[in-house]
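193 is the number of the first residue of the sequence shown in this note's numbering; add one for each residue after it. Glycine included, every Cβ here is placed at the ideal spot set by N, Cα and C.
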Amino acid sequence: MSQDNQQLKLLQRALEREKAARKAAEKILEEKSRELYTTSQQLQNLLDEKSNQLQGVFENIIDAYVVMDLQGNVLKFNEAATKLFGYNIEEEQVNVVDLIYKEDYEYAMSSFFQLYTNGFFKDYEARAYTKSKAVKWVHINASIIYDKQKKPIAAQGIVRDITEDKRLKKQFEDQKNQLSIIINNSPIGISLSKTEDKGLLLINQSLSNMLGYTREEFNKMQVQDITHPEDEEVSRNYREQLFNGDIDRFNLEKRYIKKDGSILWAKTNVIAVRNASGDIDYQVATIEDVSKEYHAKQKLIESENRLFTLIQNLDSGVLLEDENRSIVLTNTKFCELFKIPLKPEELIGQDCSNAAQQSKGLFKNPEQFVQRINDVLKSKDTVLADELIMCDGKILERDFIPIIENNKYRGHLWSYTDVTLKRTYSKTLEAQKQKYYSIIANMDLGLIESDLDGRITMVNQSLLKMTGYNEEEILGKRGRDIFPVNSNDHKVKQIIDKRNNTETTTFELEVKRKNGEKRFWFVSGSSNLDSENNKTGSLDVVLDITDLKTLELQKEKLLQRLEKSNDELQEYAHVVSHDLKSPLRSIHALISWLKEDNKGKLDQTSLNNIDLIEGTLEKMEQLISDVLNYSSVGSEISQKKQVDLCKMVKHILGMIYIPEHISIEVKQDLPTVNGDATKLQQLFQNLLSNAIKFIDKPKGLIEIDVQEKGAFYQFSIKDNGIGIEKKFHEKIFKIFHALNKSKDSTGIGLSIVKKIVNLHEGEIWLESEPKIGTTFYFTLKK
Numbered sequence: 193m194s195q196d197n198q199q200l201k202l203l204q205r206a207l208e209r210e211k212a213a214r215k216a217a218e219k220i221l222e223e224k225s226r227e228l229y230t231t232s233q234q235l236q237n238l239l240d241e242k243s244n245q246l247q248g249v250f251e252n253i254i255d256a257y258v259v260m261d262l263q264g265n266v267l268k269f270n271e272a273a274t275k276l277f278g279y280n281i282e283e284e285q286v287n288v289v290d291l292i293y294k295e296d297y298e299y300a301m302s303s304f305f306q307l308y309t310n311g312f313f314k315d316y317e318a319r320a321y322t323k324s325k326a327v328k329w330v331h332i333n334a335s336i337i338y339d340k341q342k343k344p345i346a347a348q349g350i351v352r353d354i355t356e357d358k359r360l361k362k363q364f365e366d367q368k369n370q371l372s373i374i375i376n377n378s379p380i381g382i383s384l385s386k387t388e389d390k391g392l393l394l395i396n397q398s399l400s401n402m403l404g405y406t407r408e409e410f411n412k413m414q415v416q417d418i419t420h421p422e423d424e425e426v427s428r429n430y431r432e433q434l435f436n437g438d439i440d441r442f443n444l445e446k447r448y449i450k451k452d453g454s455i456l457w458a459k460t461n462v463i464a465v466r467n468a469s470g471d472i473d474y475q476v477a478t479i480e481d482v483s484k485e486y487h488a489k490q491k492l493i494e495s496e497n498r499l500f501t502l503i504q505n506l507d508s509g510v511l512l513e514d515e516n517r518s519i520v521l522t523n524t525k526f527c528e529l530f531k532i533p534l535k536p537e538e539l540i541g542q543d544c545s546n547a548a549q550q551s552k553g554l555f556k557n558p559e560q561f562v563q564r565i566n567d568v569l570k571s572k573d574t575v576l577a578d579e580l581i582m583c584d585g586k587i588l589e590r591d592f593i594p595i596i597e598n599n600k601y602r603g604h605l606w607s608y609t610d611v612t613l614k615r616t617y618s619k620t621l622e623a624q625k626q627k628y629y630s631i632i633a634n635m636d637l638g639l640i641e642s643d644l645d646g647r648i649t650m651v652n653q654s655l656l657k658m659t660g661y662n663e664e665e666i667l668g669k670r671g672r673d674i675f676p677v678n679s680n681d682h683k684v685k686q687i688i689d690k691r692n693n694t695e696t697t698t699f700e701l702e703v704k705r706k707n708g709e710k711r712f713w714f715v716s717g718s719s720n721l722d723s724e725n726n727k728t729g730s731l732d733v734v735l736d737i738t739d740l741k742t743l744e745l746q747k748e749k750l751l752q753r754l755e756k757s758n759d760e761l762q763e764y765a766h767v768v769s770h771d772l773k774s775p776l777r778s779i780h781a782l783i784s785w786l787k788e789d790n791k792g793k794l795d796q797t798s799l800n801n802i803d804l805i806e807g808t809l810e811k812m813e814q815l816i817s818d819v820l821n822y823s824s825v826g827s828e829i830s831q832k833k834q835v836d837l838c839k840m841v842k843h844i845l846g847m848i849y850i851p852e853h854i855s856i857e858v859k860q861d862l863p864t865v866n867g868d869a870t871k872l873q874q875l876f877q878n879l880l881s882n883a884i885k886f887i888d889k890p891k892g893l894i895e896i897d898v899q900e901k902g903a904f905y906q907f908s909i910k911d912n913g914i915g916i917e918k919k920f921h922e923k924i925f926k927i928f929h930a931l932n933k934s935k936d937s938t939g940i941g942l943s944i945v946k947k948i949v950n951l952h953e954g955e956i957w958l959e960s961e962p963k964i965g966t967t968f969y970f971t972l973k974k
């Protein structure tokens, strides 16, 4: 018990101490409460004072001021709020829920919860309705209003109308995006830099694609790093002027080095954007790839140079005048023909209005010369092959071609060609033709021309006398029907086979005249070939040898004479044909180049005129072939002299047409030989022309070489063309019969070559393999 009492006493003492402590604490709390109340009262008074002061401020601020209770009912609008939302809260009740844009409702509710929880929110941006249901973008900063017991009773906020700011910002972003799309999709390279040394702020994809560098790589380089060394000086001068303030922009065409090492030609345009102090804030550069245009321009210049060189070396005088009759272009041949002591380039720009009067003294009929020029210029119609006879005996052919562009007269082209030699040839050919017919008539030779079916298409009077038939009875009939032969005869089959192989044949034939009389004929015939070496029929020369059958010796002499006549005619005809056709081919090549170089530039009238020229050239070539095929010539006396083959070959290479893909190399200097200059020129010109014609490789090569072989020079002309099989080598050198109508330039050319070489006491042979090429060797006596 004593122990329990002791514990009880201890508990009583502890309880008393606790009560004492509680009283002391309550006393301290009471004192602190009195202090807190005093302080709180002072703060409330201060708050009321400040609120009264702020009320006047909110009433007069530019932005809208709104006070609402915690249920959203608007308690106060200042004038700006009334103007913004369109409500008069003195006359109508407004709840902020009515102002919330429906799609922003959830965001508004979460913002209000934040306001209620934290006592404020800032930078609330959303859309709101006005009374008229117009949509406004607003920016709101709001806070909670508390009573004296710190209880939230309302909310207030500053509402700023940011609709126009939003519109401008969106417009700016749209413009920025549009600009970005334009820049990134522009085919022109664009860059924007702050200064030259601080890298690039912007580059577009085109610039990166053009040069192959990424933006990171561009930022590590300066403009001189990608500028071609030959263009750096002028580029640097422009940059210095730009940064010195001398210029605000510059344009130049320059070369850039791409990442892969290749060259890009580009038009560069640089503009400086300067600040008020004149310093460069930004630098904008545009780079346009003009590589294709540059290379096309270079090709055009090369083509013009080629054309100019060709015109200068033409064997025809050329004069190009503009619509005011000022000289645009002329050549050396024109100056030579009209005895003008000036170079062609010195005549450019001179007035030709009085040129006819000044030059009329050169012509046999001066006044007619002047009048004809005036008439042609007045009509402005195309004129071809006007004949002019000069006082010195030269005969010129004059062509006039008007130049029309977009239906507007732009000038005209005069062409003067010395045709004295051609006219002499024509007269000679006509005389030889008459001589040929005279020979045929005097020798009583019959002539028969047949088509592929063997039907007779032409006979002469001598044949009609031989047979006793008239033309109506023979034309359209087959020779074998009128003049029957034994078709099983082995010799006849051989003759037919030779004819099919386009070989010349000679044979004897027993026939019957219309009255049944037997006669013996000696027939010399060959196949007719067109320009493409296709057989079109046959031509036979018939000699009645009935009275001479028993005179074998006389017959042999006659055959030898006929063969010699045919050989001479074939050789001469080939020479004349080649010489006459060569300038025609040169003119044809010139016209082709004109069409190619001016493709898409010439109007239809000019194209029609060019077609007319081409058609005229073809007709002239055909006329030469037809006349020569029916003519015979005598032998030609050769005059030998020292011929510099080096100069001669150089002249030939400047005269013949050489395609761009073919190159001709003269391995070493060619010697000077004693011979006929004309025939030696034919020798080289024919072999070179044939080599060019039959090269089928993308890159053609012709090599001319010479070796000294004792008393002779051994020449070689080697090409990498189609080549020739060995079985055709002998056929190539076969000389065609005098009446052969073949236009195969290879056979004719090589026949001439063989005769020329024989004339100079040399020989000719060839080595050739199909698809590899051909080498012609020939030797000429020193």
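May I have the straight-line CA-CA distance separating residue i from residue j, to the nearest angstrom?
{"i": "G867", "j": "I894", "result": "24 Å"}
{"i": "I575", "j": "T967", "result": "In the sequence as displayed, the identity of residue 575 is Val instead of Ile. So the alpha carbons of these two residues sit roughly 45 Å apart."}
{"i": "L782", "j": "L958", "result": "32 Å"}
{"i": "K727", "j": "S718", "result": "10 Å"}
{"i": "P536", "j": "L512", "result": "11 Å"}
{"i": "D261", "j": "K325", "result": "23 Å"}
{"i": "F886", "j": "E422", "result": "43 Å"}
{"i": "I884", "j": "S960", "result": "15 Å"}
{"i": "K901", "j": "Q877", "result": "23 Å"}
{"i": "E663", "j": "R517", "result": "59 Å"}
{"i": "Q416", "j": "R428", "result": "8 Å"}
{"i": "G585", "j": "D861", "result": "39 Å"}
{"i": "L740", "j": "A623", "result": "30 Å"}
{"i": "F928", "j": "N720", "result": "For F928, the pLDDT reaches just 32, beneath the cut-off of 50, and the residue's location in the model is therefore unreliable, although a value from the coordinates is still provided. Cα-Cα distance, rounded: 11 Å."}
{"i": "G708", "j": "V734", "result": "18 Å"}
{"i": "E295", "j": "S303", "result": "14 Å"}
{"i": "N566", "j": "N800", "result": "24 Å"}
Suppose the cutoff is 7 Å on Cβ atoms and the five residues either side in sequence are ignored; what does the same chain contact list for residue i look like?
{"i": "I455", "result": "H420, R447 and I449"}
{"i": "K891", "result": "H853"}
{"i": "P775", "result": "D507"}
{"i": "L399", "result": "G381, I382, S383 and I479"}
{"i": "S545", "result": "R517"}
Determine, using beta carbons only, whether residue i and residue j come nearer to each other than 8 Å.
{"i": "I337", "j": "A346", "result": "yes"}
{"i": "L880", "j": "I844", "result": "yes"}
{"i": "G638", "j": "L655", "result": "yes"}
{"i": "S784", "j": "M847", "result": "no"}
{"i": "R441", "j": "I463", "result": "yes"}
{"i": "M402", "j": "D452", "result": "no"}
{"i": "L605", "j": "R590", "result": "no"}
{"i": "L173", "j": "I503", "result": "Nothing can be reported for residue 173: it is not among the residues displayed for the chain, which extend from 193 to 974."}
Give every residue of the same chain whose Cβ lies closer than 8 Å to the Cβ of residue i, excluding the five residues on either side of it in the sequence, and list them in chain order.
{"i": "I354", "result": "E317, W329, V330 and H331"}
{"i": "Q549", "result": "V562"}
{"i": "G553", "result": "C583"}
Sorted by chain position, which residues of the same chain lie with C-beta nearer than 6 Å to residue i's C-beta, five sequence neighbours on each side aside?
{"i": "A256", "result": "A272, A273, L276 and V351"}
{"i": "K281", "result": "A small fix is needed here, since residue 281 is Ile in this sequence, not Lys. Closer than 6 Å at Cβ, skipping near neighbours: V266 and F269."}
{"i": "E424", "result": "Q416"}
Could you tell me whether any Cβ in chain D is nearer than 8 Å to the Cβ of residue i?
{"i": "S774", "result": "Here chain D cannot be found, since the structure has a single protein chain."}
Which complete beta strand (DSSP E) runs does the stretch 469-541 hold, if anything under 3 residues is left out? 472-481, 508-514 and 519-522
Please determine if the stretch 505-518 and the stretch 606-617 are in contact, where contact requires at least 3 C-beta pairs separated by less than 8 Å. yes
Segment contact, 8 Å Cβ cut-off, at least three pairs: the stretch 285-295 with the stretch 354-365: no
Indicate whether the contact test is met: 3 or more Cβ pairs, each with one atom in the stretch 487-500 and one in the stretch 395-412, closer than 8 Å. no
For the stretch 701-708 and the stretch 611-627, state whether three or more C-beta atom pairs, one from each stretch, are separated by less than 8 Å. no
Three or more C-beta pairs below 8 Å linking the stretch 864-879 and the stretch 831-842: yes
Can you give, in chain order, each stretch of the beta strand (DSSP E) that sits fully within the stretch 557-589 and has at least 3 residues? 575-581
Note down, one range per segment and in chain order, each beta strand (DSSP E) of at least 3 residues found wholly within the stretch 424-467. 441-449 and 455-466
Tell me the start and end of each unbroken beta strand (DSSP E) in the stretch 822-874 that is at least 3 residues and wholly inside, in chain order. 833-836, 854-858 and 864-867
Segments of 4+ residues assigned as alpha helix (DSSP H) that fall wholly inside the stretch 623-675: 653-659, 663-666 and 671-674
Which whole runs of the beta strand (DSSP E) in the stretch 329-407 are 3 residues long or more, in chain order? 344-353, 381-385 and 392-395
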